[in-house]
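Everything in the sequence shown is counted per the working numbering, starting at 186 for the first residue and increasing by one. Every residue gets a Cβ at the ideal spot worked out from N, C-alpha and C, and that includes glycine. Values in this document were obtained by computation on a predicted structure and should not be read as measured data. One structure is given here, and the rest of the page talks about it.
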Amino acid sequence: MPELDAFRKSAEITFDPHVFIRQGERHFDIDFVVLTVRTGSIVEEKSELPRKACFSRYHGKERKTYFVIVHIHQDFMEVKTVWLTKGR
């Protein structure tokens, strides 16, 4: 996935309104969501490339793993949903 890796490091990241509705319930940090999209691992089982991708990243200081589902558009990536798990 070299083209996706290059694209996600520079692409604009937008958010579906659903993400902000769930933010109050799930208590996640938007900065960690962006960091997960830019540098996280691709979860092949939950991805439907080339249109939809799932990224995950463990944030050690927070002791949480972020999973982020994004829809990939021509010029930007839209975060559709975010969920957390405790630990790795």
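In or out: residue i buried (at least 16 other Cβ within 10 Å) or exposed?
i    : result
T199 : exposed
G209 : exposed
Please classify residue i: does DSSP put it in a helix, a strand, or coil?
i    : result
E233 : strand
H256 : strand
K271 : strand
H203 : helix
E247 : coil
A191 : helix
V219 : helix
Nearest to residue i by CA position, among the options, is which residue?
i    : options             : result
I254 : L269, E188 and A191 : L269
C239 : K265, K249 and G245 : K265
Below 8 Å, how does it come out for the stretch 206-220 and the stretch 188-196: are there three or more Cβ pairs, yes or no?
no
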